[in-house]
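Inspection log for the structure reproduced underneath, given as structure tokens.
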Amino acid sequence: MSAEIVSTGTELLLGHTLNTNAQYIAERLAALGVYCYYQTTVGDNADRIGLVIENALNRADIVITTGGLGPTMDDLTKEVVADLFGLPMEMHPDHLAKIEAFFQRRGRKMPENNKKQAMLPAGSQAIPNHLGTAPGVIVEQGDKIVILLPGPPFEMRPMFEETVVPYLAAKTKINPGVLHSRTLKVVGPGESVIEDRLRDLLTAQSNPTIALLAKTAEVHVRLTARARTETEAAALMGELEGEIRQRLHPYVYGVDEESLASVVGTLLKERNLNLAIAESCTGGYIAHQITNVPGSSDYFLLGLASYANSAKENVLAVDEETLRTYGAVSPETALAMARGVRRLAGSDIAAAVTGIAGPGGGTEEKPVGLVYAAFVAGDKEEVEKLQLFGDRVTIKEKTTYAVLNRLRVYLAEEVRP
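Take the sequence shown: its position 381, counted from the start at 1, is 381 in UniProt numbering, and no numbers get skipped.
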């Protein structure tokens, strides 16, 4: 079976809201063995919504919509679908009671316009919504199916999992476990370098398949295998994964939900080491990533955003002469910052970064994107020069990944300070 995803909402077209619903549904459809060839986004206009859904029904067996199930005048999706199929709208007293109870639990009176949400196309199946007031709808007409879901992701996702997944699994008669994916996370080389190293595998493989997904500071290599069971699919991927890891060594840092910060944290815990960070150009973003990991207090002692030169001098004890002679963005200052935060925290390992994130502040000698990262552990000291490109946020993110990856490589080599 094939499906098309239709996302409604003018806010999506204007770029005010990121369309994470389409990404989520597309991934879940693939796992169910349902092919998705088209995704369409349309604003809150009845005529255009009708045209888009009509076109989708001509191309796909299943149309899944998100948005347009609210109580306001611009929430039109149910009514449009009912008109397309010539179905009257009917009041469902049980759903009306649930909506009224939703407001009562919050000590509020239900607005009159919320009654609209209890109106469903005749003969349709309701999808319960335990987190909001808009029930979803499944409409079957002949060999076509339209599934209507609300726009807020925190409402839509549990509705999809609890009702739509078993519904589609029964319709397709495909075991959802037949499609199994595993993502290898790579930091260091860019997408083109990875593609070159894996070129023959990318063109030769049909099952499992390999896809490259470029992120801001890393690349994901996704392996997907189709088999009767997940165990068989995982076995199919095993040999291929080993080959990919060998070709990309030492740049594969983790799989699936692992983050670079979580991998670094695991290595620190395994080696009973702790860490301190001093940041200038990243403004605390490295510490933010590290502390996103539960249990990071076991190994992370101190994160200091020493942005101003006065903070570098007064808190980290960077010598005024160093700053005057070499500048805030220099290998000498980066190393002094790392020494200072290590001394301040009493940590086993310390890292520090200083650079020019832009968009202003660069010179011919020190352009935007120039970053120095220093690392101190035991009697080992080093400074790495980075020349990064992108906007301010991108440079901060790339710097963070570079520092975390250097820590990962150091710890993975089992060199103890």
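Even for Gly, the Cβ is constructed at its ideal location relative to N, Cα and C. Because the structure is a prediction, the values reported are computed rather than measured.
Self-check item: Nearest neighbour of residue 194, chosen from 246, 138, 82 [CA to CA]
Solution: Stepping through the sequence shown from its first residue, residue 194 is reached at position 194. For residue 194, the closest alpha carbon among the candidates 246, 138, 82 is that of 246.
Quiz item: Applying the criterion that 16 or more other CB atoms from any shown protein chain within 10 Å of the CB defines a buried residue, is residue 320 buried or exposed?
Solution: On the sequence shown, position 320 is the one that residue 320 refers to. Counting Cβ neighbours within 10 Å, residue 320 comes out exposed, since fewer than 16 surround it.
Practice problem: Out of 188, 238, 183, state which residue places its alpha-carbon closest to the alpha-carbon of residue 220. | Solution: Residue numbering aside, residue 220 sits at position 220 when the sequence shown is read from its first letter. Measuring from the Cα of residue 220, the nearest candidate turns out to be 183.
Quiz item: Got a sec? Which residues, its chain only, sit under 7 Å from residue 29 by beta carbon, not counting five neighbours each side?
Solution: Residue mapping note: residue 29 aligns to position 29 of the sequence shown, counting from 1. The residues are 3, 36.
Quiz prompt | Helix, strand or coil at residue 407 [DSSP, three-state] | solution = Within the sequence shown, the letter at position 407 stands for residue 407. The answer is helix: DSSP assigns residue 407 an H, G or I state.
Quiz item: Below 7 Å between beta carbons: does that hold for residue 261 and residue 277?
Solution: Taking the sequence shown and counting its residues from 1, one reaches residue 261 at position 261. Taking the sequence shown and counting its residues from 1, one reaches residue 277 at position 277. For residue 261 and residue 277, no; Cβs fall outside 7 Å.
Exercise. Taking 8 Å as the threshold, find out whether the stretch 159-175 comes into contact with the stretch 77-84 through three or more Cβ pairs.
Key: As far as the Cβ criterion goes, the stretch 159-175 does not touch the stretch 77-84, which means the pair count is below three.
Quiz item: Would residue 282 be called buried (16 or more neighbouring beta carbons within 10 Å of its own) or exposed?
Solution: For the purposes of this step, residue 282 is identified with residue 282 of the sequence shown, where counting begins at 1. It counts as buried.
Self-check item: Cα-Cα separation between residue 133 and residue 74, rounded to whole angstroms
Solution: For the purposes of this step, residue 133 is identified with residue 133 of the sequence shown, where counting begins at 1. For the purposes of this step, residue 74 is identified with residue 74 of the sequence shown, where counting begins at 1. Approximately 16 Å, taken between the alpha carbons.
Exercise. Sort 161, 119, 170, 270 by Cα distance to residue 298 and report the nearest one.
Key: Locating residue 298 in the sequence shown gives position 298, counting from the first residue. When only C-alpha atoms are compared, the closest one is 270.
Quiz prompt | Coarse secondary structure for residue 354, derived from DSSP in three states | solution = Here residue 354 is taken as the residue at index 354 of the sequence shown, counted from 1. Judged by DSSP in its simplified three-state form, residue 354 adopts strand.
Practice problem: Just the C-alpha distance for residue 409 and residue 336, rounded to the nearest angstrom, thanks. | Solution: Position 409 of the sequence shown, counted from the start, is the residue given in the question as residue 409. Position 336 of the sequence shown, counted from the start, is the residue given in the question as residue 336. Cα to Cα, the separation comes out at about 22 Å.
Quiz prompt | DSSP bridge partner residues for residue 259 (one or two, in chain order) | solution = If you number the sequence shown from 1, residue 259 lands on position 259. Answer is none; residue 259 lacks a bridge partner.
Quiz item: What residue range is occupied by the uninterrupted beta strand (DSSP E) comprising residue 220?
Solution: Your numbering for residue 220 matches position 220 in the sequence shown. Taken as a continuous stretch (DSSP letters only), the beta strand (DSSP E) holding residue 220 covers 219-226.
Quiz item: With C-beta atoms as the reference, is residue 19 less than 7 Å away from residue 153?
Solution: If you number the sequence shown from 1, residue 19 lands on position 19. If you number the sequence shown from 1, residue 153 lands on position 153. With contacts defined as CB atoms closer than 7 Å, residue 19 and residue 153 fail to qualify as a contacting pair.
Self-check item: Cβ neighbour criterion (16 or more within 10 Å) applied to residue 413
Solution: Position 413 of the sequence shown, counting from 1, holds the residue named residue 413. Label assigned to residue 413: exposed.
Exercise. Output the distance between the C-alpha atoms of residue 416 and residue 355, rounded to the nearest integer angstrom.
Key: Position 416 of the sequence shown, counted from the start, is the residue given in the question as residue 416. Position 355 of the sequence shown, counted from the start, is the residue given in the question as residue 355. Here the model assigns residue 416 a pLDDT of 43, short of 50, so the residue's position is not dependable, and the following value carries that caveat. Approximately 28 Å, taken between the alpha carbons.
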